[in-house]
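Trainee:
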Amino acid sequence: MLGKNKIQSSRESKSYEDEKREQMVFGPLYSQIYDALYKDKDYRRECDYLEELFKMFRVKVKKILDLGCGTGNHSIELGKRGYEVVGIDISEKMINIATEKLKNLNNKKIKFIRDDIRNFSLKDRFDAVISMFAVIGYINENDDLIKTFYNVREHLKEDGIFIFDVWFGPAVINLKPTQKVKEINLQESEKIFRITTPKLDVMKHIVEVNFKVIYAREDNLHIFEENHKMRFFFPKELELMLKISGFKRVYLLPFLETEREPNENDWNITVISLKK
Ligand SMILES: C[S@@+](CC[C@H](N)C(=O)[O-])C[C@H]1O[C@@H](n2cnc3c(N)ncnc32)[C@H](O)[C@@H]1O
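Laid out in structure tokens, this is it:
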């Protein structure tokens, strides 16, 4: 018997193709243009900032775990500065690009692994775990976040530090996400055009970001979309989730700053958590 419930649930549920499309973030095409999209992002300055925080919180750092390392830009810069670095990312293509960059470097201190930061397991323990450029925002659900934070704690040495940046709820609600257009001219024959359309869901603490991309390279034209569900965070929930996960101290700063508390105009914040 084909019950009423069955008809309803098949109507409500998304098709496999819809689900796949929604889940596919940092797919092959988006990953391919990632470094070009963020060519002006100052990864060196961000690594200076990380080192400044290591000093400020008096953590001696030799080994770093980079969660959601993407195309490896922080990992590689930190590796060049003498740290031992392991980078983890769920996207096959992003990890491939990162690994490819290693070939020209001959730096045995950097390693990339494809895995999910919600449930990876390494034998090593690290002095610092970093997760840069709103990676933690891709973990939308509370139980996944607590699982991730708990796992991070397990991979830290006793004096370890966990540093990540996220979108700051008070600022997202105050400033509101807006539509943006980015145009990048790489060479005569290579151009990227990206339209970013956000949808704010205040109740779920999510901004659903739709990226429509036109990528023209020589005679090839790629037109594609990705939907990124970005969670934004409030101070008390961050503190609660990190403390439930076993971190003893939690501090918030405006991203790339060290001197003041964040406010409703700071879209990006840095979260610093200490194991003891
Ligand atoms: C905005 S990019 C940041 C990449 C890099 N940290 C940077 O600063 O350029 C977000 C990255 O998080 C990764 N990511 C998202 N969810 C993940 C998960 N559950 N496990 C591992 N990586 C994840 C994506 O594949 C992507 O490479």
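Using my numbering, read the sequence shown as starting at -4 and increasing by one per residue.
Where is the CB? At the ideal position from N, CA and C, for every residue including glycine.
As the structure is a computational prediction, the values presented were derived from the model and not from experiment.
1) Cutting at 6 Å between CB atoms, please list the residues of its own chain near E213, excluding the five before and the five after it.
2) With a floor of 4 residues, list each alpha helix (DSSP H) that falls wholly inside the region 106 to 188, ordered by position along the chain.
3) Thinking C-alpha only, which one of V204, K58, L117 is nearest V20?
4) According to DSSP, is L237 helix, strand or coil?
5) Figure out for me which residue from A93, D110, I59, V81 has the closest Cα to the Cα of D30.
6) Can you check DSSP and say which residues form a bridge with D80?
7) Return the CA-CA distance between R226 and T192, expressed in angstroms with no decimal places.
8) Taking only three categories from DSSP, how would you classify T329?
9) How about G74: is its Cβ closer than 8 Å to a heavy atom in ligand 1?
10) Starting from N68, trace the alpha helix (DSSP H) in both directions and tell me its first and last residue.
11) From this set, E46, N260, S86, which residue's C-alpha is nearest P172's C-alpha?
12) Beta carbon of F157: closer than 8 Å to some heavy atom of ligand 1?
13) Hey, is D122 close to ligand 1, as in C-beta under 8 Å from one of its heavy atoms?
Mentor: Quick answer:
1) Excluding residues up to 5 positions away in sequence, S184 lie with their Cβ nearer than 6 Å to the Cβ of E213 in the same chain.
2) Qualifying alpha helix (DSSP H) stretches, in chain order: 137 to 149, 164 to 170.
3) For the options V204, K58, L117, the alpha carbon positioned closest to that of V20 is the one of V204.
4) In the structure shown, L237 sits in a helix (DSSP, three-state: H, G or I).
5) Of the candidates A93, D110, I59, V81, the one whose C-alpha sits nearest the C-alpha of D30 is A93.
6) According to the sequence provided, residue 80 is Val. The question's Asp does not apply to it. V80 pairs with I59, I105.
7) Computed Cα separation, rounded: 15 Å.
8) No information on residue 329 is available, as it lies outside the stretch -4 to 271 that the chain covers here.
9) Annotation for G74 indicates a beta carbon at 8 Å or more from all heavy atoms of ligand 1.
10) From DSSP, the alpha helix (DSSP H) with N68 extends over 68 to 75.
11) Taking only the C-alpha atoms, the option nearest P172 is N260.
12) Checking the Cβ of F157 against ligand 1 gives no.
13) In this structure, the C-beta of D122 stays at least 8 Å away from each heavy atom of ligand 1.
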